[in-house]
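Visitor: Got a structure here, written out as structure tokens. Questions coming.
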Amino acid sequence: MAKTHIMAAGVETRTATGIPTGKMGVWWFLASEIVLFGGLIGVYIMSRLGSTGWPEMAAHLSVPIGTLNTFVLLTSSLTMVLAFAAVEKGDQKGMRTWLLWTVLLGLTFLVIKAFEWGSEIGAGFPLTAGGFWSFYYTMTGLHALHVLGGVVVNSILFLSALMGLLGRNEHRVELAGLYWHFVDVVWIFLFPLLYLSW
Amino acid sequence: MARERVHPNYVAIWFWLVGLLIVSVGVTYLPIPTRITLFLIFATAVVKAGLVALNYMHLKSERLLIYAMAIVPVAIFFVLWVVLYPDIAIR
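First to last, the protein sequences are chains U and E.
Just so it is clear: in the first sequence, position 196 is 195 by numbering that gives the first Met the number 0, and no numbers are missing.
Just so it is clear: in the second sequence, position 71 is 70 by numbering that gives the first Met the number 0, and no numbers are missing.
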């Protein structure tokens, strides 16, 4: 008879394939996200190759701010994986601490992004300023929505852990982490595509 | 079969990621041809993404099915891109 339960992060969880069902679900979701962002990035690259004047537009973006935000997101991936490592060690306090850091760093990323958008719009480059800016706001906006989603999920996990409600569902930290790292990977490509390729 | 989960030194990976970030930004200031600059910044991006996926998402110790779920959509993206590219290249 097929195995219906498996251990994940120290707790028994459902499985139909030998892989925890929750993890399978997250990977299916991430597969759809790869197509979503991949399609957008692919169209951006082709539009950029087929247009003139885009590098001059991209030169108006602030590389130091983009670099700072990349640093913030890379660091948030570290704190997220440390939260998961704490779960595996049974370290409740460590899990809560690293989850909180991840939430704060996610919020920091969003605040910096909002400041950046504000200064670009203030400099006369709104969404309608041209093809490059349409792609820029669409791609960074969609990505920021994903960061916001991750912040919400991590906040729920943190508050649940704080109130002692996470209990046997600590493996959800790993699932949230998979999503968070994926959002980081997307930014790893958006940063050079938008900020450095001019 | 799933391999035993590998626990890399997560902090060391972070140092690599930050180092590669500095390299990718630094090469844009070097007086080298644009093609080489573009190659270097996207090569470092691919390495950074690989480091995150293999170590932080633990793909290193995942089953083949998970690899397939990650790689098939990436392959679909490249196929679509290559199929559509001539439309731009020969315009």
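Every residue, glycine too, gets a C-beta built ideally from N, C-alpha and C.
(1) Can you give me the C-alpha to C-alpha distance between F28 of chain U and F131 of chain U, rounded to a whole angstrom?
(2) Since E173 of chain U and F108 of chain U should fall inside the 8 Å C-beta cutoff, what is the C-beta to C-beta distance between them, to a whole number of angstroms?
(3) Return the Cβ separation of I33 of chain U and K47 of chain E in integer angstroms, given the expectation that the two are a contact with Cβ distance under 8 Å.
(4) What's the gap between the Cα of H180 of chain U and the Cα of Y194 of chain U?
(5) Check the C-beta distance from F70 of chain U over to L39 of chain E and give it rounded, since I have them as a contact under 8 Å.
(6) Do M102 of chain U and M94 of chain U have their C-beta atoms within less than 8 Å of each other?
(7) Between P85 of chain E and chain U, is there a C-beta pair that is closer than 8 Å?
(8) Taking the alpha-carbon of F157 of chain U as reference, which of U:G140, U:L141, U:T78 has the nearest alpha-carbon?
(9) Using a beta-carbon distance below 8 Å, is F200 of chain U in contact with chain E?
(10) For my contact list, I111 of chain U and L67 of chain U are in at a C-beta cut-off of 8 Å; report their separation, rounded to the angstrom.
(11) Taking the beta carbon of H6 of chain E as the centre, do at least 16 other beta carbons fall within 10 Å, making it buried, or is it exposed?
(12) Is the Cβ-Cβ distance between A175 of chain U and V151 of chain U less than 8 Å?
(13) How about E115 of chain U and S50 of chain U: are their beta carbons less than 8 Å apart?
(14) Rounded to whole angstroms, what is the Cα-Cα separation between V42 of chain U and H59 of chain U?
(15) Assuming contact is defined by CB atoms lying nearer than 8 Å, are L104 of chain U and H142 of chain U in contact in what I supplied?
(16) Whose CA, out of U:H145, U:M23, U:V146, U:G38, lies closest to the CA of Y84 of chain E?
(17) Bridge partners for P19 of chain U per DSSP, in chain order?
(18) Between A52 of chain E and the rest of its own chain, which residues show a CB-CB distance below 8 Å, the 5 nearest in sequence each way excluded?
(19) So, for A1 of chain E: in the same chain, excluding its five sequence neighbours on each side, which residues have a beta-carbon less than 6 Å away from its beta-carbon?
(20) If you follow the alpha helix (DSSP H) that R171 of chain U is in, where does it begin and where does it stop?
(21) Report the option in U:T16, U:G17, U:K22 whose CA atom is closest to the CA atom of N168 of chain U.
(22) According to a CB-to-CB cut-off of less than 9 Å, which residues of the segment 61-75 of chain E neighbour chain U?
Guide: According to the structure shown:
(1) Straight-line spacing of the CA atoms in F28 of chain U and F131 of chain U works out to 28 Å.
(2) At roughly 22 Å, the Cβ-Cβ gap does not stay under 8 Å, so E173 of chain U and F108 of chain U are not in contact.
(3) 16 Å between Cβ atoms; not a contact.
(4) 21 Å
(5) Rounded, the Cβ-Cβ distance is 19 Å, inconsistent with contact.
(6) The sequence as given places Val at residue 102 of chain U; Met does not occur at that position. Result no, Cβ atoms of V102 of chain U and M94 of chain U do not sit closer than 8 Å.
(7) no
(8) Looking at the Cα atoms, U:T78 is the closest of the given residues.
(9) Because chain U spans 0 through 197 in this model, residue 200 of chain U falls outside it and cannot be assessed.
(10) Confirmed, Cβ separation roughly 6 Å.
(11) exposed
(12) Taking a C-beta distance under 8 Å as the contact criterion, A175 of chain U and V151 of chain U do not qualify as a contact pair.
(13) no
(14) 21 Å
(15) no
(16) Among U:H145, U:M23, U:V146, U:G38, the Cα nearest to that of Y84 of chain E is on U:G38.
(17) U:T14
(18) Leaving aside the five residues that flank A52 of chain E on each side, the residues in its chain whose CB is nearer than 8 Å to its CB run, in chain order, L58, A69.
(19) Residue placement at A1 of chain E is poorly supported in this model, since its pLDDT is 49, which falls under 50; the coordinates are not used for a value here.
(20) 171-190
(21) For N168 of chain U, the nearest C-alpha among the options comes from U:K22.
(22) E61, R62, L64, I65, M68, A69, V71, P72, V73, I75
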